[in-house]
């Protein structure tokens, strides 16, 4: 079996990262945030995403999420084997979206410090998740389990539903 050509992979990665940067710069000119992303499926199809947070009034419309949504709209929610290229290091939201989409790899150009230098400081979010289970009262955003009778009902319904689609 032949090993993949590392130089060819690097050239492809460079091309897609440059495209993500171009998408980000164009998005700034259009009044959006300075973030762009590209999803490449195993079959070579390419989907781009630009940050649409302010345009759509949607705090989840980060470039990576937009690119994943566009790819999933065509290829389905399971993007196994896909690669995500981002103009900047993905935040925890975008990393979680990539994990849920089963993206195989993520590459980025600028890092979180570059973003923080111009006002996009996600450090507190990375710290929040690094804290493990310490999300009670007094944390950045308390996340607390509450005892509710019937809390298992949605899962029981899911388990009993023969038409469910696993994901």
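Residue numbers (the numbering used here): 438 to 604. Using N, Cα and C, we set each Cβ at its ideal position, and we do this for glycine too. Nothing here was measured: the structure is a model prediction, and the numbers come from that model.
What does the alpha-carbon distance come out to for the pair residue i and residue j?
i           : j           : result
residue 442 : residue 517 : For residue 442, the predicted structure reports a pLDDT of 45, less than 50, and the residue's modelled location is therefore unreliable. A value from the coordinates is still provided. Between residue 442 and residue 517, the C-alpha separation is close to 21 Å.
residue 494 : residue 585 : 33 Å
residue 455 : residue 551 : 16 Å
residue 591 : residue 498 : 28 Å
residue 573 : residue 559 : 20 Å
residue 601 : residue 593 : 12 Å
residue 492 : residue 466 : 13 Å
residue 553 : residue 521 : 21 Å
residue 507 : residue 538 : 12 Å
residue 438 : residue 460 : In this prediction, residue 438 has a pLDDT of 43, which is less than 50 and means its spatial position is unreliable; nothing more can be read from the coordinates.
residue 567 : residue 578 : 14 Å
residue 595 : residue 557 : 39 Å
residue 587 : residue 576 : 28 Å
residue 444 : residue 451 : Any reading at residue 444 must be qualified, since the residue scores a pLDDT of 48, below 50, and its modelled position is unreliable; the value itself is stated next. Between residue 444 and residue 451, the C-alpha separation is close to 10 Å.
residue 449 : residue 511 : 22 Å
With distances taken from CA atoms, which of the options is nearest residue i?
i           : options               : result
residue 546 : 475, 465 and 572      : 475
residue 505 : 525, 533 and 492      : 533
residue 503 : 515, 513 and 488      : 488
residue 482 : 509, 556, 557 and 582 : 509
residue 480 : 571, 557, 519 and 588 : 519
Residue i and residue j look like a contact to me (Cβ under 8 Å); what is the Cβ gap, rounded to whole Å?
i           : j           : result
residue 562 : residue 528 : 6 Å
residue 501 : residue 486 : 6 Å
residue 470 : residue 524 : With a Cβ gap of about 10 Å, residue 470 and residue 524 do not count as contacting.
residue 564 : residue 549 : Not a contact, Cβ separation roughly 11 Å.
Count the other CB atoms, across all protein chains shown, that sit within 10 Å of the CB of residue i; report buried if there are 16 or more and exposed otherwise.
i           : result
residue 604 : exposed
residue 555 : exposed
residue 458 : buried
residue 477 : buried
residue 484 : buried
residue 464 : buried
residue 597 : exposed
residue 535 : buried
residue 540 : buried
Heavy atom of the ligand ZN less than 7 Å from the Cβ of residue i, yes or no?
i           : result
residue 529 : Because no ligand of any kind appears in the structure shown, any question about the ligand ZN cannot be addressed here.
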